[in-house]
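Residue numbers (the numbering used here): 69 to 657.
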Amino acid sequence: MGQAPKIKMRPVQQLIRDTAGNVLPIAAIGLLVGIVIIGSAVDLSRNYLAKEQLQTACDAGVLAGRRTVTTNGWDTASQNAAKAYFNTNYNDNAQTTRLTTFNPVSSDDGNTITATATTVLDTLLMRVVGKDTITVTVTCGSSMGVGNADIMMVLDTTGSMANSLSGGQTRIQALRAAVKNFYQTMSAATGASNARVRYGFVPFSSTVNVGRLINDLDPRYLVDSRQYQSRVWEPGTTADKDTNTDWKLYSSKAYSSSSKCSSDLPSTTNFTDVSGQSKQQRTEYSCRDSGYYYYIYSRITTRPYAFNYRAATYDTSAYKNFNKVTTRTGDGGTNVSSTWAGCIEERSTIAQANFSYSSATGITPTGALDLNLDGIPSSDDKTKWAPMWPEVGYYRYTSSNRYTTSNSLYGAKTALYCPVESRLLSTMDKDGFAKVADSLTPIGGTYLDIGMIWGGRLLSPQGLWRGLVNDDPDNGGEVARHLIFMTDGEMEPNAYIQQAWGMEYWDRRVTSDGTTSDEARHTARFRAVCEAIKDKGIRIWVVAFTSALSDDLKACASDSSSYVAGNAAELNSAFQEIAKQVGELRVVE
Numbered sequence: 069m070g071q072a073p074k075i076k077m078r079p080v081q082q083l084i085r086d087t088a089g090n091v092l093p094i095a096a097i098g099l100l101v102g103i104v105i106i107g108s109a110v111d112l113s114r115n116y117l118a119k120e121q122l123q124t125a126c127d128a129g130v131l132a133g134r135r136t137v138t139t140n141g142w143d144t145a146s147q148n149a150a151k152a153y154f155n156t157n158y159n160d161n162a163q164t165t166r167l168t169t170f171n172p173v174s175s176d177d178g179n180t181i182t183a184t185a186t187t188v189l190d191t192l193l194m195r196v197v198g199k200d201t202i203t204v205t206v207t208c209g210s211s212m213g214v215g216n217a218d219i220m221m222v223l224d225t226t227g228s229m230a231n232s233l234s235g236g237q238t239r240i241q242a243l244r245a246a247v248k249n250f251y252q253t254m255s256a257a258t259g260a261s262n263a264r265v266r267y268g269f270v271p272f273s274s275t276v277n278v279g280r281l282i283n284d285l286d287p288r289y290l291v292d293s294r295q296y297q298s299r300v301w302e303p304g305t306t307a308d309k310d311t312n313t314d315w316k317l318y319s320s321k322a323y324s325s326s327s328k329c330s331s332d333l334p335s336t337t338n339f340t341d342v343s344g345q346s347k348q349q350r351t352e353y354s355c356r357d358s359g360y361y362y363y364i365y366s367r368i369t370t371r372p373y374a375f376n377y378r379a380a381t382y383d384t385s386a387y388k389n390f391n392k393v394t395t396r397t398g399d400g401g402t403n404v405s406s407t408w409a410g411c412i413e414e415r416s417t418i419a420q421a422n423f424s425y426s427s428a429t430g431i432t433p434t435g436a437l438d439l440n441l442d443g444i445p446s447s448d449d450k451t452k453w454a455p456m457w458p459e460v461g462y463y464r465y466t467s468s469n470r471y472t473t474s475n476s477l478y479g480a481k482t483a484l485y486c487p488v489e490s491r492l493l494s495t496m497d498k499d500g501f502a503k504v505a506d507s508l509t510p511i512g513g514t515y516l517d518i519g520m521i522w523g524g525r526l527l528s529p530q531g532l533w534r535g536l537v538n539d540d541p542d543n544g545g546e547v548a549r550h551l552i553f554m555t556d557g558e559m560e561p562n563a564y565i566q567q568a569w570g571m572e573y574w575d576r577r578v579t580s581d582g583t584t585s586d587e588a589r590h591t592a593r594f595r596a597v598c599e600a601i602k603d604k605g606i607r608i609w610v611v612a613f614t615s616a617l618s619d620d621l622k623a624c625a626s627d628s629s630s631y632v633a634g635n636a637a638e639l640n641s642a643f644q645e646i647a648k649q650v651g652e653l654r655v656v657e
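Below, the structure written as structure tokens:
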């Protein structure tokens, strides 16, 4: 056999140095590394985007859930709202994820809501190295924390608030419940904090009840005498020209002759007090033949009145201090005792059609002291307020029942419309707040301007109660000021009742003739005062209850601060929404 050929072996070092034929394996390894790097970048980028969107949806869910919490706490409605907002803000298809879950919970019945959201992201390129999915998890929470706040409740308590809603509840009952729920929401948000929240109240109708607040501040801010539309006891000074000429049947009886009928007539004169007016009367009788019977007829001729209905000046120095005062205004000229309930007539004004406000010039035209929120009374009675005195208030008319501004023999008692007392800012516990809310009583007509004027006065940092308003909280923080204005109707002045500007048909402090453009002029005042209040940094919230949100109410409210409520539930929701915004609803870590 021949020998096999010998193979010449190259040293290992040479093989190592020889790179011929190694390109493909190296390239394969490099490609794999590149896929891992690029795949990781792509999938991690998808993971980042999914996590960001999941976090956004989670935050939106807990915020929505907290916003819908009412006095029912963390109920099914709030839980469903949280889940609905999460689902609206997160879409599996858009993020190419699956098995997404969102679990909102609350350990304190809705004051703070927390949640965990998870989703699964299928990888695109990382699966080549065995990473098929990425689980994404985020947490979120929402709570309502209240900073320092002063809240003035300016509430319509006019007669229409006694009207019934569907279900039998009255409007005033719905209002009482809504404001108490407002307090409960605010209280729950501040329970574990050192925030100071103060409340004030201005119930309004035809006027406001601020007499004790003014008197406690300085009795000199109230006048010592005032002219009121009234009646004055002046017997025998004025003749009444009207007589009753209608004969009334007195009796009937058979007589043989008219002479016997006449002899049986009563006395021809008879002085009596009729209807408490102390009118002197003469009764006349007459016989009239009708067949077999004679009929006796009578008529009454009225003689002088004892009361003259006109403006009269009264000493208010004792009355304004809540002392009992007697006036000779009772029926028959008797004395009537009265004690001031606290409602006021406004200080001097001007009868102008248009008013406006600017930061540079204030309210124009000038001279309307009733619209000056911060002016301090001087010795001039024009700068002071007067007690509303319904016990001496009378309007007057003629014998044909037409109103007159002249002295008259005819008149009638004015209506008594005085809401419950206003309250200065103070911290209140639950029972104290509920006591004020439950005292709200419907009475009087709708004067939106008087409510807004006094809401602004009691909350103004530059006003008569500025010492109280500017009192620094113990925690040293800033104070947010809010005025919540609720009404169930538009401006509806009445020229024939006693109200904050007197009895308009006779006093004519707002109009030129007692009636023309009365509503429009009060509305102009209302809108000017709204602007003045907002310029003080006070946020005005407006709620129109069972009525339309008029352009005037919209203009009065601060931005995004007006609501319409058609029933009790919607009124409660409006106050809850305001509470949540006053309470600074926020996401928590």
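C-beta: ideal position from N, C-alpha, C; glycine also.
Just grab the DSSP bridge partners of residue i for me.
{"i": "N171", "result": "T184"}
{"i": "G227", "result": "None, per the DSSP bridge assignment."}
{"i": "L281", "result": "In DSSP, L281 forms no bridge with anything."}
{"i": "H550", "result": "I219, R607"}
{"i": "D383", "result": "S293"}
{"i": "L206", "result": "Leu is not the amino acid found at residue 206; the sequence shown has Val there. A185."}
{"i": "G570", "result": "Q567"}
{"i": "W301", "result": "F375"}
{"i": "A268", "result": "The displayed chain sequence assigns Gly, not Ala, to residue 268. Its beta-bridge partners are M220."}
{"i": "A612", "result": "T555, V632"}
Could you name the residues of the same chain whose beta carbon sits closer than 8 Å to that of residue i, not counting the 5 residues immediately before and after it, in chain order?
{"i": "A419", "result": "R576, R577, V578, T579, S580, R589"}
{"i": "G544", "result": "none"}
{"i": "R294", "result": "T381, Y382, T384, E413, A454, P455, W457"}
{"i": "G443", "result": "L437, T451"}
{"i": "V650", "result": "V214, A217, I219, M254, A548, H550"}
{"i": "F594", "result": "L516, D517, M520, M559, D620, C624"}
{"i": "L83", "result": "Annotation note: pLDDT 44 at L83 (below 50); position unreliable, coordinate value reported separately. Excluding positions up to five away in sequence, the list is empty."}
{"i": "N262", "result": "D542, N543"}
Can you find the residues in the same chain that come closer than 7 Å, C-beta to C-beta, to residue i, ignoring five residues on each side of it along the sequence?
{"i": "T258", "result": "V214, V265"}
{"i": "S234", "result": "N635"}
{"i": "N115", "result": "L189, I202, V204"}
{"i": "V460", "result": "Y296, S298, Y382, T395, T397"}
{"i": "D539", "result": "none"}
{"i": "R415", "result": "L437, D438, K450, T451, K452, W453"}
Which same chain residues, not among the five before or five after residue i, have their C-beta less than 6 Å away from its C-beta?
{"i": "A625", "result": "I608, V610"}
{"i": "M221", "result": "F269, I552"}
{"i": "I403", "result": "Looking at the sequence itself, residue 403 is Asn, so the reference to Ile does not match. Cβ neighbours of N403 beyond the five flanking positions: T394, R396."}
{"i": "L639", "result": "A242, A246, F613, A633"}
{"i": "T139", "result": "N249, Q252"}
{"i": "T186", "result": "T169, T205"}
{"i": "C208", "result": "C126, D127, V130, A183"}
{"i": "Q567", "result": "S274, T275"}
{"i": "G531", "result": "L441, D442, R525"}
{"i": "C411", "result": "T275, N277, M456, C486"}
{"i": "R378", "result": "N475"}
{"i": "A409", "result": "C486"}
{"i": "L23", "result": "Only positions 69 to 657 of the chain appear in this structure, which leaves residue 23 out of reach."}
{"i": "W574", "result": "Q297, T473"}
Hey, residue i and residue j are a contact pair by Cβ (cut 8 Å); roughly how many whole angstroms apart?
{"i": "T555", "j": "L516", "result": "6 Å"}
{"i": "L526", "j": "S490", "result": "7 Å"}
{"i": "L441", "j": "S528", "result": "5 Å"}
{"i": "E587", "j": "M559", "result": "5 Å"}
{"i": "T191", "j": "T201", "result": "6 Å"}
{"i": "A592", "j": "F390", "result": "So it is not a contact: roughly 34 Å between Cβ atoms."}
{"i": "R299", "j": "N376", "result": "7 Å"}
{"i": "T180", "j": "N171", "result": "With a Cβ gap of about 15 Å, T180 and N171 do not count as contacting."}
{"i": "T225", "j": "I511", "result": "7 Å"}
{"i": "A118", "j": "T165", "result": "6 Å"}
{"i": "L493", "j": "Y267", "result": "7 Å"}
{"i": "Q163", "j": "Q121", "result": "6 Å"}
Any heavy atom of the ligand ATP closer than 7 Å to the CB of residue i?
{"i": "L551", "result": "Annotation note on the ligand ATP: not contained in the displayed structure, which lists no ligands."}
At least one CB of chain C closer than 8 Å to the CB of residue i: is that the case?
{"i": "K498", "result": "The displayed structure is made up of one protein chain only, and chain C is not part of it."}
> Which runs of the beta strand (DSSP E), 3 residues or longer, sit entirely within the region 404 to 466?
Replying inline: 404 to 406, 424 to 426, 430 to 432, 462 to 465
>> Taking 8 Å as the cut-off, does the region 495 to 502 touch the region 271 to 291 (at least 3 CB pairs, one atom from each stretch)?
In response: no
> If you scan the region 108 to 177 from start to end, which runs of the beta strand (DSSP E) of 3 or more residues do you find wholly inside it?
Replying inline: The qualifying runs are 165 to 173.
>> Restricting to runs no shorter than 3 residues, where is the beta strand (DSSP E) found entirely within the region 478 to 520?
In response: 478 to 481, 491 to 494
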